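> Just passing along the structure, written as structure tokens.
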Amino acid sequence: MTQKPSSPKTLILCCLCLCLLLSCIPAAVRQNTETPDAYPEQRAVRRVKPESRVSESKSERRLALVIGNGDYADSPLLNPVNDAEAMAETLEEIGFEVTKKENAGYQEMYEAVTRFGDDLLRSGVGLFYYAGHGVQHNGRNYLIPVGSDIRHEKELGYKAVDAGLVLAQMENARNRLNIVILDACRDNPLARSFRSSGRGLAPAKAPTGTVIAYATSPGATASDGPGQLNGIYTSELIRHIKMPGMRLVDMFFKVRKAVRTRTNGRQIPWETISLEEPFYFNPSEKPSETLAGGSAVIVRPQPEPEQRTGHLRVETTPSGAAIRINGDWRGESPLKLDGLDSGPVRVRASADGYKDKKKSVRIREGETTTLKLYLDKIVTTGRLRVESEPSGADWYLDGNYTGKTPDENGDVEQGTHTVKVAKEGYKDWNGKIRIEPGKQQTVQAKLEKLKQGVDYGEVWKEPVTGMEFVSVRGGCYEMGCGSWAGDCESNEKPVHTVCVDDFQMGKHEVTQRQWEQIMESNPSEFKKGDSYPVENVSWSDAKEFIRKLNDETKKFAQRGIRKREDAEDQVEYEIRLPTEAEWEYACRSGGKPEKYSGGSDADSVAWHLTNSEKSTHSVGAKSPNGLGLYDMSGNVWEWCEDIYAKNAYNKHERDNPLHTRGTCHVIRGGSWKKYKMLARCVNRSLIPPAVTVPQAFAL
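Every letter in the sequence shown is one number past the one before it in numbering that gives the first Met the number 0, and letter 184, counting from 1, is 183.
See the structure below:
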């Protein structure tokens, strides 16, 4: 069939319609008609603001406050400080200005939060991150500072930082966006001790423009990441937060899924989100075209770039070091990592006792890069050389026999140590030395020859009452409760160096026969025989006994003796009570680290509550100590010359200390009616000077 040629009028009409149709197509679309496959690529058209989200995110100021607390006295945590460090590094990489606090106390945390709130007034985005212990009480969450001694819920308000303070600072700043991340849901023993506090943290209402993220769901607890440098939640957070082009809400979704998978569903992160616009931690720019007026954008999907990866093998000396790649913990050396993006990476190796080693290497596509790191050991010891004149003396380090002079020890821990040098016939030399790491210190001890005429350890009998005395060589020692003495009381510290002169100590406690001989009476409750110790004796009674004995002898001493050379051939003796320093020195067999007078077995040297059968016993029935002295532990309490003060050790002079200010006097040694812990040589108790007590007191 043959078509009739179009009339000129018909052609003109078709051309006009075609022109009208073309005028309805936007200019940008008309331009794309030149490309045969242009239309299939045009998939999305959306309305946006004239400024793109990319430029907006990059121009605004981002601030972050990061706190990691782990050094708690009662329940320390392994990972929070590492978590805070990794989070700070990650945030700095993506454009945040970061303030970091580690193991912060209450005042430091409070000031950091308030200063952060002031800085947010001049910022667009704020982020607060906390890792450590947290507790909920009455629906409020509290962040626990390091060093806070919190024993009751009522103390939380002024010893812990209310998480609501952080939200209040953010709300007051009225900036565009705020993010609060709390990795503070560890199973805290503090929370369990509170009657009205639940486990984990309580959900909080997020103000407009705020995200509150928890390491786990409300009322649940999170893992501290045992055996790892970072907690599970934070390790996933810092891994996902750097992913380019990911919205904040999507990032938290991925973190939640990863944590749930790694913990087999035991830990599920939780967020409270009140956002009005999207946010990207690490924005990515995609090619786009702006239509007329800048109000519409056609986004062209781009093919994903081909992933180019390589491999990294990390070896360290010593092996077993923790390896972090770009701040993320990846395992222990030797370590093989596959599928790393090509390009530079930062490697850090950490091991206990060694300095961290950092190195940047480049990963090459399809190749294995081997990195060998040699970690430098942290030197904490120094060398100590001990010399003496004369040589061949025994020397002791911190009370432990070490060798004979001259001698060296090349492995002494840094810090202050005590050194004792002793040789028969010479006075002990005592001193302190400070050891610096990697350095040598030399001790030169010049020993003083002892005066002749005193036979130390010799037993001498006082002729009036027949009391026996043992000669004790003076010396210096560490007075007070050391680790060898068991549980210490506060009044038994601090351990401090004191020196005492030569003296003589009664071999036994004063007996009832000796007391009656001088005082013509017997105040004792247990009158079982002459050899039993006198008891029910006050400090004033003891002083009166000494006065009368001095009147009769003028030469000899009761429990302690101090020699006075008033003339060339004449020696006189002063009878008195021993000082605390002399008593403890004698009880410990000349200042040795002895728990009880004669050793660590109380039953062999002392009568105490569980073996005394509710009575005193004849003196000398138990084993003596190293000086030949009996019953200094147990049987009956023994008076000292000193006036009692709880902090007397802070006021002691080094040589022959005697505390004389106060009301009550010191008693030592425990008794038949007390538990054996009071029979320790370092134990101190007190009684007013005129008081007598039925269970037993002696000189």
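We put the CB at the ideal spot given by N, CA and C, even for glycine. Being a predicted model, the structure only gives us computed values, none of them experimental.
#1: Look up H616 in the DSSP assignment and give the residues it is bridged to.
#2: Between D397 and the rest of its own chain, which residues show a CB-CB distance below 8 angstroms, the 5 nearest in sequence each way excluded?
#3: Could you compute how far the alpha carbon of K48 sits from the alpha carbon of E276?
#4: Using 8 angstroms for Cβ pairs, my map puts K403 next to D393. What's the rounded Cβ distance?
#5: Along the chain, where does the beta strand (DSSP E) that runs through G402 open and close?
#6: Below 8 angstroms on the Cβ atoms is my contact criterion, and I expect A212 with G138 to pass it. Report the Cβ-Cβ distance as a whole number of Å.
#7: What span of residues does the alpha helix (DSSP H) with H239 cover, start to end?
#8: Can you tell me whether I666 is buried or exposed, with buried defined as 16 or more other CB within 10 angstroms of its CB?
#9: Roughly how many angstroms lie between the CA atoms of M245 and A72, to the nearest whole one?
#10: In its own chain, which residues sit with a C-beta less than 8 angstroms from the C-beta of V618, not counting the 5 before and 5 after it?
#11: Can you tell which of P79, S349, E96 and K672 has its C-alpha closest to the C-alpha of L62?
#12: Cα separation between S684 and K553?
#13: For the structure I just gave you, are there three or more beta carbon pairs, one from the stretch 125 to 135 and one from the stretch 79 to 89, closer than 8 angstroms?
#14: By DSSP, does E579 sit in helix, in strand, or in coil?
#15: Exposed or buried, C18, counting other C-beta atoms within 10 Å across all chains shown (16 or more means buried)?
#16: In the DSSP output, what is N408 paired with across the bridge?
#17: With DSSP collapsed to three states, give me the class of D630.
#18: Between V463 and the rest of its own chain, which residues show a CB-CB distance below 6 angstroms, the 5 nearest in sequence each way excluded?
#19: Out of G208, P389, V499 and M466, which one is the CA nearest neighbour of Q707?
#20: Looking at C-alpha atoms only, which residue of I267, G67, P522 and V536 is the closest neighbour of W636?
#21: Distance cutoff 7 angstroms, beta carbons only. Does D486 sit that close to anything in chain C?
#22: Spatial neighbours of Y353 within its chain, please: C-beta separation below 8 angstroms, excluding the five flanking residues on both sides.
#23: Looking at the unbroken alpha helix (DSSP H) that takes in I517, where does it start and where does it end?
#24: Under the assumption that L339 contacts I362 (Cβ atoms under 8 angstroms), give the Cβ distance between them as a whole number of angstroms.
#25: Distance, Cα to Cα, G104 vs W328?
#26: Within the same chain, show all residues whose beta-carbon is closer than 6 angstroms to that of W606, passing over the 5 residues directly before and after it, in chain order.
#27: Is the beta carbon of G473 closer than 7 angstroms to that of V499?
#28: Which term fits Y400, buried or exposed, when burial requires 16 or more other beta carbons within 10 angstroms of its beta carbon?
#29: On a Cα-Cα basis, can you pick out the residue from P333, A203, E235 and N174 that is closest to L164?
#30: Is the beta carbon of A444 closer than 7 angstroms to that of S387?
#31: Tell me where the beta strand (DSSP E) around D148 begins and ends.
#32: Rounded to whole angstroms, what's the CA-CA distance from W638 to V458? Just pull it up for me.
#33: Over what stretch of residues does the alpha helix (DSSP H) that includes L548 continue unbroken?
#34: Looking at the secondary structure, which residues open and close the beta strand (DSSP E) in which V469 lies?
#35: G125 and M86: beta carbons closer than 7 angstroms?
#36: By how many angstroms is the C-alpha of D161 removed from the C-alpha of P206?
Quick look at the numbers:
#1: One-based indexing of the sequence shown puts residue 616 at position 617. In DSSP, H616 forms no bridge with anything.
#2: The residue you call residue 397 lines up with position 398 of the sequence shown. The answer, listed in chain order, is H416 and T417.
#3: The count along the sequence shown starts at 1 and reaches residue 48 at position 49. The count along the sequence shown starts at 1 and reaches residue 276 at position 277. Annotation note: pLDDT 36 at K48 (below 50); position unreliable, coordinate value reported separately. In a straight line, the C-alpha of K48 is about 12 angstroms away from that of E276.
#4: Here residue 403 refers to the residue found at position 404 when the sequence shown is read from its first residue. Here residue 393 refers to the residue found at position 394 when the sequence shown is read from its first residue. So it is a contact: roughly 6 angstroms between Cβ atoms.
#5: Along the sequence shown, one-based indexing puts residue 402 at 403. Taken as a continuous stretch (DSSP letters only), the beta strand (DSSP E) holding G402 covers N399 to K403.
#6: Counted from its first residue, the sequence shown places residue 212 at position 213. Counted from its first residue, the sequence shown places residue 138 at position 139. In fact, because the Cβ distance is near 19 angstroms, the residues do not count as touching under 8 angstroms.
#7: Here residue 239 refers to the residue found at position 240 when the sequence shown is read from its first residue. Its alpha helix (DSSP H) spans residues I231 to H239.
#8: Here residue 666 is taken as the residue at index 667 of the sequence shown, counted from 1. Of the other Cβ atoms in all chains shown, 16 or more fall within 10 Å of the Cβ of I666; this residue is therefore buried.
#9: Residue numbering aside, residue 245 sits at position 246 when the sequence shown is read from its first letter. Residue numbering aside, residue 72 sits at position 73 when the sequence shown is read from its first letter. Roughly 40 angstroms between the two C-alpha positions.
#10: Walking along the sequence shown from the start, residue 618 turns up at place 619. Excluding sequence neighbours, V618 sits near H507, E508, T510, S530, Y531, P532, Y629, D630 and N634.
#11: Here residue 62 refers to the residue found at position 63 when the sequence shown is read from its first residue. Residue E96 is the option with its Cα nearest to L62.
#12: Residue mapping note: residue 684 aligns to position 685 of the sequence shown, counting from 1. Residue mapping note: residue 553 aligns to position 554 of the sequence shown, counting from 1. Those two C-alpha atoms are separated by around 31 angstroms.
#13: Taking a contact to require three or more Cβ pairs closer than 8 angstroms, the stretch 125 to 135 and the stretch 79 to 89 qualify as touching.
#14: For this step, residue 579 is matched to residue 580 along the sequence shown. Here E579 sits in helix by DSSP.
#15: Taking the first residue of the sequence shown as position 1, residue 18 is located at position 19. With a pLDDT of only 36 at C18, under 50, the local geometry of the prediction cannot be trusted, and the value read off the model is given with reservation. Sixteen is the threshold: since fewer than 16 other Cβ atoms of the shown chains lie within 10 Å of the Cβ of C18, the residue is exposed.
#16: Residue 408 sits at position 409 when you count from the first residue of the sequence shown. Paired residues: L383.
#17: Along the sequence shown, read from residue 1 onward, the residue named residue 630 stands at position 631. Correct three-state label for D630: coil.
#18: Start at 1 with the first residue of the sequence shown, and residue 463 comes out as number 464. Around V463: E551 and T552.
#19: Nothing about residue 707 can be reported from this structure: the residues present for the chain run from 0 to 698 only.
#20: Within the sequence shown, numbered from 1, the residue matching residue 636 stands at position 637. Ranking I267, G67, P522 and V536 by Cα distance to W636 puts V536 first.
#21: No chain C is part of this structure, which consists of one protein chain only.
#22: Locating residue 353 in the sequence shown gives position 354, where the first residue counts as 1. The answer, listed in chain order, is P317, A320, L374, D375, K376 and I377.
#23: The sequence position of residue 517 within the sequence shown is 518, counting from 1. Run containing I517: Q511 to M518, per the alpha helix (DSSP H) assignment.
#24: To locate residue 339, count along the sequence shown from 1; it is residue 340. To locate residue 362, count along the sequence shown from 1; it is residue 363. Confirmed, about 5 angstroms.
#25: On the sequence shown, residue 104 is found 105 positions in, with the first residue counted as 1. On the sequence shown, residue 328 is found 329 positions in, with the first residue counted as 1. Cα to Cα, G104 sits roughly 27 angstroms from W328.
#26: Counted from its first residue, the sequence shown places residue 606 at position 607. For W606, the CB contacts under 6 angstroms within the same chain, skipping 5 residues up- and downstream, are H616, G633, N634 and W671 in chain order.
#27: Numbered from its first residue, the sequence shown carries residue 499 at position 500. Numbered from its first residue, the sequence shown carries residue 473 at position 474. Closer than 7 angstroms, so yes.
#28: Within the sequence shown, residue 400 is the residue found at index 401, counting from 1. Exposed, since its Cβ has fewer than 16 Cβ neighbours within 10 Å.
#29: Taking the sequence shown and counting its residues from 1, the one referred to as residue 164 is at position 165. Comparing Cα-Cα distances from L164 to each of P333, A203, E235 and N174, the minimum goes to A203.
#30: Within the sequence shown, numbered from 1, the residue matching residue 387 stands at position 388. Within the sequence shown, numbered from 1, the residue matching residue 444 stands at position 445. Yes, these two residues count as a Cβ contact at 7 angstroms.
#31: By one-based count along the sequence shown, residue 148 stands at place 149. First-last for D148: undefined, no H or E at that position.
#32: Here residue 638 refers to the residue found at position 639 when the sequence shown is read from its first residue. Here residue 458 refers to the residue found at position 459 when the sequence shown is read from its first residue. So the alpha carbons of these two residues sit roughly 22 angstroms apart.
#33: Taking the sequence shown and counting its residues from 1, one reaches residue 548 at position 549. That run of the alpha helix (DSSP H) goes W538 to T552.
#34: Position 470 of the sequence shown, counted from the first residue, corresponds to residue 469. Unbroken beta strand (DSSP E) run through V469: E467 to V471.
#35: As a working note, residue 125 is residue 126 in the sequence shown. As a working note, residue 86 is residue 87 in the sequence shown. Going by beta carbons, G125 and M86 fall outside the 7 angstroms limit.
#36: Here residue 206 is taken as the residue at index 207 of the sequence shown, counted from 1. Here residue 161 is taken as the residue at index 162 of the sequence shown, counted from 1. Roughly 16 angstroms between the two C-alpha positions.
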